[in-house]
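Take a look at the structure below.
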Amino acid sequence: MVKLYLVRISGEVILKASKTRIRFEKRLVKNIIDMCRKHGIFNLKIKKSEARIFIEGPEKLESILCKVFGIYSYSPVVKVDFSDLEDLSNKAKDYFKNKIVGKKFAVRVKRAGKHDFTSIDAARKIGSKLYKYSNGVDLKNPEVEVFVEIRNNHAFFFDKIIKGSGGLPIGVNGRAVSLFSGGFDSPVASWFAWKRGVELDFVYCYLGGLDAKYRTLKVLKTLVDNWCSGYTPKLHIVDFRPIVSDIIKNVKKELRQVILRRAMYRVAEIIAREVKASAIVTGESLGQVSSQTLWNIAVAEEIVRIPILRPLIGLD
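Counting along the sequence shown from 1, when you hit position 239 you're at 271 in this note's numbering, and nothing is skipped either side.
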């Protein structure tokens with residue numbers, strides 16, 4: 033069954049200067065199309081309108097849009113045309129009356145365009161038509177919210193708002209490489225970097241153990257399949273076993289973690305320059321483990337000349 037979805041673009045995108053906003057919105061549409069194709073959806077009808085995107089697609093689109101960065105929220109909607117406020121309120125009554133039977137409700141109206149009525153006028157008129165079917169009005173804690181978004185002589189009816197992932201569309205803020213270990217931290221750090229609009233390639237420093245390698249690749253595949261859109265990331269696997277062996281032989285035990293981290297940074301920087309990436313992303317959080325002290329972080333990153341982004345640095 034084909035449905036119409038009203039997609040609200042992140043406020044950060046809307047507030048950009050005109051040229052930047054247009055570029056971000058185009059990238060968002062591209063990412064939506066790409067994410068849908070990954071889930072087997074190919075026939076979409078998409079229309080942009082101010083801070084909104086309208087998409088016609090199948091029902092399963094509802095579970096996909098929440099995974100595209102740059103979307104603040106979205107709703108499955110029904111579109112109607114109307115001639116005046118009386119016509120609008122009657123059509124709203126016909127659509128919503130069965131949804132509010134025996135329940136307390138509230139009417140929320142937004143309006144864009146020129147009309148001979150205000151949003152408050154519309155809300156009152158629609159509310160008065162629906163009142164007899166309900167258990168009363170409760171504007172603070174309604175059981176059902178009646179949403180009406182008016183644009184010129186069209187109106188969109190809906191009764192739920194689904195939260196999106198927010199942030200910026202992937203691809204609007206350049207490229208970085210993510211040092212990916214497959215544990216908890218690096219996938220979350222990568223997720224946050226994507227949310228800020230950064231395209232990521234991944235660097236996996238293989239320390240040994242086929243099980244560990246398999247688990248890491250499985251985590252990465254899950255992350256990419258569910259959250260990556262608009263481009264195809266590359267994975268660079270670097271055999272670190274010889275480097276680890278040299279460190280064990282030649283470095284004091286208390287310094288090995290720092291030296292290993294320096295080596296990983298250096299390799300990540302080399303790869304970053306090859307793929308024209310501008311930064312390295314890591315999952316480090318200050319003080320989380322003994323090796324992640326300010327001193328150790330400072331010593332480790334001295335070896336590179338590009339920024340190291342740590343999205344989790346201040347998180348618990």
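The beta-carbon is built from N, C-alpha and C at its ideal position, and this holds for glycine as well. Quick caveat, the model's predicted, so the values are computed rather than measured.
Just the C-alpha distance for V112 and A124, rounded to the nearest angstrom, thanks. Numbered from 1 along the sequence shown, position 80 holds the residue referred to as residue 112. Numbered from 1 along the sequence shown, position 92 holds the residue referred to as residue 124. Going by the C-alpha atoms only, they are around 9 Å apart.
N-terminal and C-terminal residue of the beta strand (DSSP E) that P108 is part of: Indexing the sequence shown from 1 puts residue 108 at position 76. Looking at the DSSP string, the run of the beta strand (DSSP E) that includes P108 is I103 to D113.
Can you give me the C-alpha to C-alpha distance between P219 and W259, rounded to a whole angstrom? Counting from 1 along the sequence shown, the entry for residue 219 is found at position 187. Counting from 1 along the sequence shown, the entry for residue 259 is found at position 227. About 11 Å.
Bounding residues of the beta strand (DSSP E) (the contiguous stretch that carries E82): Locating residue 82 in the sequence shown gives position 50, where the first residue counts as 1. Taken as a continuous stretch (DSSP letters only), E82 belongs to no beta strand (DSSP E), as it is neither H nor E.
If you draw a straight line from the alpha carbon of V313 to that of E175, how long is it in whole angstroms? What you label residue 313 is simply residue 281 of the sequence shown in a count that begins at 1. What you label residue 175 is simply residue 143 of the sequence shown in a count that begins at 1. About 44 Å.
Any heavy atom of the ligand SAM inside 6 Å of the beta-carbon of A124? Annotation note on the ligand SAM: not contained in the displayed structure, which lists no ligands.
Bounding residues of the beta strand (DSSP E) (the contiguous stretch that carries E177): Stepping through the sequence shown from its first residue, residue 177 is reached at position 145. Its beta strand (DSSP E) spans residues V176 to R183.
Determine contact between the segment 330 to 346 and the segment 241 to 255, defined as no fewer than three beta-carbon pairs at a distance below 8 Å. no
Under the three-state reduction of DSSP, which class applies to G43: helix, strand or coil? For the purposes of this step, residue 43 is identified with residue 11 of the sequence shown, where counting begins at 1. In this structure, G43 counts as helix in the three-state DSSP scheme.
Would E306 be called buried (16 or more neighbouring beta carbons within 10 Å of its own) or exposed? By one-based count along the sequence shown, residue 306 stands at place 274. It is exposed - the Cβ of E306 has fewer than 16 other Cβ atoms within 10 Å.
V331 versus Y238 - alpha carbon distance: By one-based count along the sequence shown, residue 331 stands at place 299. By one-based count along the sequence shown, residue 238 stands at place 206. Near 23 Å, if we compare the C-alpha coordinates of Y238 and V331.
Residue environment, M296, which counts as buried when at least 16 other CB atoms sit within 10 Å: Your numbering for residue 296 matches position 264 in the sequence shown. The residue in question, M296, is buried, as its Cβ has 16 or more Cβ neighbours within 10 Å.
For the alpha helix (DSSP H) containing R342, name the first residue and the last one. Taking the sequence shown and counting its residues from 1, the one referred to as residue 342 is at position 310. From DSSP, R342 is part of no alpha helix (DSSP H); its letter is neither H nor E.
Extent of the continuous alpha helix (DSSP H) run through E353: Nothing in the structure corresponds to residue 353, since the chain is present only between 33 and 348.
C-alpha gap between I73 and I64, whole angstroms: Position 41 of the sequence shown, counted from the first residue, corresponds to residue 73. Position 32 of the sequence shown, counted from the first residue, corresponds to residue 64. For I73 and I64, the distance between alpha carbons rounds to 10 Å.
In the DSSP output, which residue or residues are listed as bridge partners for F190? On the sequence shown, residue 190 is found 158 positions in, with the first residue counted as 1. DSSP, once it has assigned bridges, lists F179 as partnering F190.
With respect to the beta strand (DSSP E) encompassing D233, which residues constitute its N-terminal and C-terminal limits? As a working note, residue 233 is residue 201 in the sequence shown. D233 -> beta strand (DSSP E) spans E231 to Y238.
Can you tell me whether DSSP reads G159 as helix, strand or coil? Working through the sequence shown from its first residue, we reach residue 159 at position 127. Note: G159 maps to helix in three-state DSSP.
Specify whether the segment 126 to 136 and the segment 175 to 185 touch according to this definition: at least 3 beta carbon pairs, one from each stretch, less than 8 Å apart. yes
Could you pull the start and end residues of the beta strand (DSSP E) that F212 belongs to? Position 180 of the sequence shown holds residue 212. No beta strand (DSSP E) contains F212, which DSSP labels as neither H nor E.
May I ask you to report which of helix, strand or coil DSSP gives Y246? Position 214 of the sequence shown holds residue 246. Looking at Y246 - three-state DSSP - the assignment turns out to be helix.
Go ahead and pull the three-state DSSP assignment for V34. One-based indexing of the sequence shown puts residue 34 at position 2. V34: strand per DSSP, three-state reduction.
Return yes when the Cβ of L117 is within less than 7 Å of the Cβ of K157, no when it is not. Reading the sequence shown from its first residue, position 125 is the one you call residue 157. Reading the sequence shown from its first residue, position 85 is the one you call residue 117. Closer than 7 Å, so yes.
Roughly how many whole angstroms lie between the Cα atoms of V353 and E301? Since the first residue shown for the chain is 33 and the last is 348, residue 353 is missing from the structure and cannot be characterised.
Please report the straight-line C-alpha distance between V270 and V299, rounded to a whole angstrom. In the sequence shown, counting from the first residue as 1, residue 270 sits at position 238. In the sequence shown, counting from the first residue as 1, residue 299 sits at position 267. So the alpha carbons of these two residues sit roughly 8 Å apart.
Quick one: what does DSSP say D257 is sitting in, helix, strand or coil? Indexing the sequence shown from 1 puts residue 257 at position 225. D257: helix per DSSP, three-state reduction.
R247 versus S121, S213 and A225, residue with shortest Cα-Cα distance: To locate residue 247, count along the sequence shown from 1; it is residue 215. The candidate whose alpha carbon is nearest that of R247 is S213.
Taking 8 Å as the threshold, find out whether the segment 157 to 170 comes into contact with the segment 71 to 90 through three or more Cβ pairs. no
Cβ neighbour criterion (16 or more within 10 Å) applied to W226: For this step, residue 226 is matched to residue 194 along the sequence shown. Under this definition W226 is a buried residue.
At 4 residues or longer, and completely inside the segment 113 to 138: list those alpha helix (DSSP H) runs for me, N to C. 117 to 128
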